Amino acid sequence: MQWTNGDTTNGQIVAGGNGQGNGLNQLNIPSDVLIDKETYTLIICDNGNQRVVRWSRRSGTTQGEVLIGNINCYGLTMDEQKYLYVSNYGKGEVRRYKFGENI
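In this note's numbering, the protein residues as written are 1 to 103.
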């Protein structure tokens with residue numbers, strides 16, 4: 001949801017919003033999100049679907065794309081060099097990915 005200063009009751013859905021599920025237009029227990037300002041996208045840890053997805057923040061976006069599949073992600077962050085760090089609680093590890101190489 002998108003929040004407007006002072007508005008605590010309304011918001012705009014910016015990813016998902018089509019019921020819980022595994023379609024590219026759905027999310028299932030999203031547990032973390034970050035904003036990639038360079039690409040104007042949201043990167044979402046879609047915990048229930050065991051994947052990391054990217055959604056454009058541009059108006060009219062109807063679905064995301066899978067960046068990383070088959071991962072029990074819980075949280076994520078990105079550093080200045082565009083390395084994406086994803087916690088994988090199923091394996092008790094944190095994995096590092098470089099945009100343009102692995103994803």
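No residue lacks a Cβ here, since even glycine has one placed at the ideal position from N, Cα and C.
Here the structure is a predicted model, which means the values were calculated and not measured.
Let me check understanding here. Comparing Cα to Cα, which of the options lies closest to residue i?
i, options, result
"I29", "N70, G19, K98, T61", "G19"
"G16", "E65, N10, Q26", "Q26"
"G21", "V33, I35, I43, Q63", "Q63"
Report all residues from its chain with a CB closer than 8 Å to the CB of residue i; omit the five preceding and five following residues, and keep chain order.
i, result
"K91", "N72"
Around the Cβ of residue i, are there at least 16 other Cβ atoms within 10 angstroms (buried) or fewer (exposed)?
i, result
"V53", "buried"
"Y40", "exposed"
"R96", "exposed"
Looking only at its own chain, which residues have a Cβ that is under 6 Å from the Cβ of residue i, when we skip the five neighbours before and after it?
i, result
"S87", "Y74, G75, V94"
Grab me the residues of residue i's own chain with a C-beta within less than 7 Å of its C-beta, minus the 5 sequence neighbours each way, in chain order.
i, result
"N5", "none"
Are the C-beta atoms of residue i and some chain B residue less than 7 Å apart?
i, result
"N49", "The question asks about chain B, but that chain is absent: this structure has only one protein chain."
Cα separation between residue i and residue j?
i, j, result
"L42", "Y85", "15 Å"
"Q12", "G60", "12 Å"
"Y89", "R58", "31 Å"
"C45", "D32", "5 Å"
"R51", "D79", "20 Å"
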